[in-house]
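S.K.:
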Amino acid sequence: VSLWHTDLYELLGVQSNATQAQIKTAYYRKSFLYHPDRNAGSVEAADLFIHITQAYQVLGSLSLRKKYDRGLLTQKDISNAKKPPGKSKAAAAAAAQTVSKKKPVYASGYPSGKPIFNFDEFYRAHYGEQLERERLMRRKQQELQKRRENKQDEQYKLLESFLLLLLLSGAMILLRYQ
Numbered sequence: 001v002s003l004w005h006t007d008l009y010e011l012l013g014v015q016s017n018a019t020q021a022q023i024k025t026a027y028y029r030k031s032f033l034y035h036p037d038r039n040a041g042s043v044e045a046a047d048l049f050i051h052i053t054q055a056y057q058v059l060g061s062l063s064l065r066k067k068y069d070r071g072l073l074t075q076k077d078i079s080n081a082k083k084p085p086g087k088s089k090a091a092a093a094a095a096a097q098t099v100s101k102k103k104p105v106y107a108s109g110y111p112s113g114k115p116i117f118n119f120d121e122f123y124r125a126h127y128g129e130q131l132e133r134e135r136l137m138r139r140k141q142q143e144l145q146k147r148r149e150n151k152q153d154e155q156y157k158l159l160e161s162f163l164l165l166l167l168l169s170g171a172m173i174l175l176r177y178q
């Protein structure tokens, strides 16, 4: 099955009027289902995964999608195209730092001798921004909790000081009238 003889929208399971977010979600869902690591040894799943990735490369790019919809898309357009948008420069820099720390990818067990797909790297590349936002959110919540605890401790100390002062004042009053 050639990519050119397949309806890319149908391949991703979306309608032709789908939003970019719907296309991206459908791509993630389908690529997860047909990923070679999940379907070891299945040539059909590997081919489908490649076609799904190519479909997302076309439909995930607004300019390529317009050309595809008009029937004007060429192989040259696809090969010259950039990856569909989705990562900020900060997320790309963070991903580049993690690439140097990753474990080596081994080619054993893969029929074509190509490296095995690193799903962890894929996950970080596509969800890195979200993971970083969640980390920052947790850190801010922890800081807020610490501030609340510190404020509560200060209030208790102030209350203790007030009660001690009240007790001493009462004792002085009692001593004066005896």
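The sequence shown: position 91 = 91 (full-length UniProt numbering), numbered continuously.
Where is the CB? At the ideal position from N, CA and C, for every residue including glycine.
Owing to the predicted nature of the structure, the values given are computational and were not obtained by experimental measurement.
Where does Gly128 sit, in a helix, a strand or coil, going by DSSP?
M.R.: Reduced to three states, the DSSP call for Gly128 is helix.
S.K.: Quick one: what's got a C-beta closer than 8 Å to Val1's C-beta in the same chain, skipping five residues either side?
M.R.: Because the pLDDT of Val1 is 40, which lies under 50, any placement of that residue in the model is unreliable, and the number read from its coordinates should be weighed accordingly. Excluding residues within five positions, the ones whose Cβ falls inside 8 Å are Asp47 and His51.
S.K.: Note down the Cα distance separating Leu164 from Leu158, rounded to an integer number of angstroms.
M.R.: 10 Å
S.K.: So, do the stretch 52 to 60 and the stretch 68 to 83 have three or more beta carbon pairs nearer to each other than 8 Å?
M.R.: As far as the Cβ criterion goes, the stretch 52 to 60 touches the stretch 68 to 83, which means the pair count is three or higher.
S.K.: For residue 185, which of helix, strand or coil comes out of DSSP?
M.R.: Residue 185 is absent from the model: the chain starts at 1 and stops at 178.
S.K.: Taking the continuous alpha helix (DSSP H) assigned at Phe32, which residues delimit it?
M.R.: Taken as a continuous stretch (DSSP letters only), the alpha helix (DSSP H) holding Phe32 covers Gln20 to Leu33.
S.K.: Rounded to whole angstroms, what's the CA-CA distance from Ala45 to Glu143? Just pull it up for me.
M.R.: Going from the Cα of Ala45 to the Cα of Glu143 covers about 46 Å.
S.K.: Let me know if Phe162 comes out buried or exposed under the rule of 16 or more other beta-carbons within 10 Å of its beta-carbon.
M.R.: exposed
S.K.: What residue range is occupied by the uninterrupted alpha helix (DSSP H) comprising Asn118?
M.R.: Neither: Asn118 is in no alpha helix (DSSP H) and is coded neither H nor E.
S.K.: Would you say Tyr34 and Phe49 are within 8 Å of each other, going by their C-beta atoms?
M.R.: Against a cut-off of 8 Å, the Cβ pair of Phe49 and Tyr34 comes out as a contact.
S.K.: Thinking Leu12 and Ala21 are a contact (beta carbons under 8 Å), I'd like their distance in whole angstroms, please.
M.R.: The Cβ separation is near 13 Å, so there is no contact.
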